[in-house]
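Here the structure comes first, spelled out in structure tokens, and everything after it is commentary.
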Amino acid sequence: MTNYTNYEVEDFLHDDFFINWVLKGADEHNAFWNDWLLNNPDKKSVVENARRIVSSITVQPLDTTLSDTEVDELVGYIKNQLQHKPQNDNVVALKFNFSKYLKVAAILLAFILVGVLFVKTRQAGGPQLQQQLPGKPGSEYFSIINTSTDSKLIRMSDGSLAVLKPGSGIKYLKSFTKAREVFLDGEAFFEVHKNPAIPFQVHSSNMVVRVLGTSFTVKSQKDKQEFKVIVNTGKVLVYKAKKATDSSSDNQNSVTLIPNQQVTYQLKFKKETLPVPLILSKEIAQKEFTFDNTPFSVIVEKINRVYGVHIEYDKALLGNISLNASLSDRPLDEKVKLICKAVNASCEFIDGRIVISAQNK
């Protein structure tokens, strides 16, 4: 039998025996866990938190209940998703909030870099932008130019996503084991996994944005010599890239931002508080991405509009299915996977596109 003494919430969410106990409540499971809790009273709050997360999953397709087979499938799904990245199964009345409990919870990192090359490359094409992408040369980097008229979805080695806008270019390390370094010209939307040991850094216009766990927007306009960062959630550090001859300290050339703040750099930093909270800030996202009896098509359109992507699906087949869902704290790819799970569909990230396919019931 597994030794659960050192288990935390995340560990219980990986454990089949624990999940089956919460979802099925078999007598033999109850006997074990009741006895274990009596002998480990200090773990009561941890177990209760884990139980609350798992038991908050309810699926109500056409007012039917889950069969044993469906429960087993759901358990497998939860385990599979947690092995790859923290996710929550919370659609068709799925309300599965991992954000409070998972140490490795995915952090929504959203930012937009709008540079002069965004305009130039529409005329000059990919090769010219390729030559102008910053960063170190060599085979350790991927370089991608989006010469199409649609956004291109890019998945990096740590599972982080980038939505690269038309006419934009990105260069990033093939492996993020030692550093997570991205160079960008143009416009992109990012979702980055939290990893305090290896900060995620974005380089543009001689400026650096260092992620401390957050979502944010970056706008770099070289023609106006202006660089702007707007924070949705969490915290970011913004600083001017040092030259070899620059011996000044980081504190003199940096600024830290919290939610609903922005900084503009034109020769010096100008820090401001935004008058209206951003749509991806916690207080607004909670409302915008909580759905009650909402058609699948409406949810998809909301995701498309907020994230600037285009999701392909059979609207006639799936569009009118109504869902209850709480998706406010989930990154883009998890949102898509969760609504697909609810309607018995699958999703693929193919050649920069998101494609949803209905499956047989």
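Under the numbering used here, think of the first position of the sequence shown as -13, with each following residue one higher. From the three backbone atoms N, C-alpha and C, an ideal C-beta is built for every residue, glycine too.
- Note on proline 27: under 16 other CB atoms within 10 angstroms of its CB, so exposed under the neighbour-count rule.
- Just measuring C-alpha positions, the residue of Ile325, Asn246 and Leu243 sitting nearest asparagine 279 is Ile325.
- Straight through space, the alpha carbons of serine 343 and methionine 142 are spaced by roughly 24 Å.
- Per DSSP, the beta bridge partners of arginine 196 are Gln187 and Leu223.
- Annotation for tyrosine 127: the continuous beta strand (DSSP E) segment containing it runs 127 to 131.
- Positions of the alpha helix (DSSP H) runs, each at least 4 residues long and wholly inside the region 314 to 347, are given as 318 to 328 in order along the chain.
- Spanning the alpha carbons of valine 341 and leucine 159 requires a straight line of approximately 26 Å.
- Taking C-beta atoms as the reference points, arginine 291 and leucine 139 fail to come closer than 8 Å.
- CA-CA distance, leucine 318 to valine 286, rounds to 11 Å.
- Taking 8 Å as the cut-off, the Cβ atoms of tryptophan 22 and tyrosine -10 count as close.
- Looking at the DSSP output, alanine 148 shares a beta bridge with Ile140 and Phe176.
- When Lys29, Val(-5), Asp337 and Gly145 are compared, the shortest CA-CA separation from alanine 36 is found for Val(-5).
- In the structure shown, the three-state DSSP call for leucine -1 is coil.
- Distance from the CA of serine 129 to the CA of lysine 151, rounded to the nearest whole angstrom, comes to 14 Å.
- Taking the Cα of lysine 327 as reference, the smallest distance to any Cα among Thr250, Val8, Thr133 and Phe282 is reached at Phe282.
- By the Cβ neighbour-count rule, asparagine 16 is exposed, with fewer than 16 other Cβ atoms within 10 Å of its own.
- Here proline 245 is buried. Its C-beta has 16 or more other C-beta atoms within 10 Å.
- A distance below 8 Å between beta-carbons, with the five flanking residues on each side excluded, links leucine 304 to the following residues of its chain, in chain order: Phe282, Ser283, Val329, Ala331, Ile342 and Ala344.
- Within the same chain, Cβ atoms closer than 7 Å to the Cβ of phenylalanine 277 are found at Ile285, Leu309, Asn310 and Ala311, the five residues on either side in sequence being excluded.
- Collapsing the DSSP output to three states places proline 27 in a helix.
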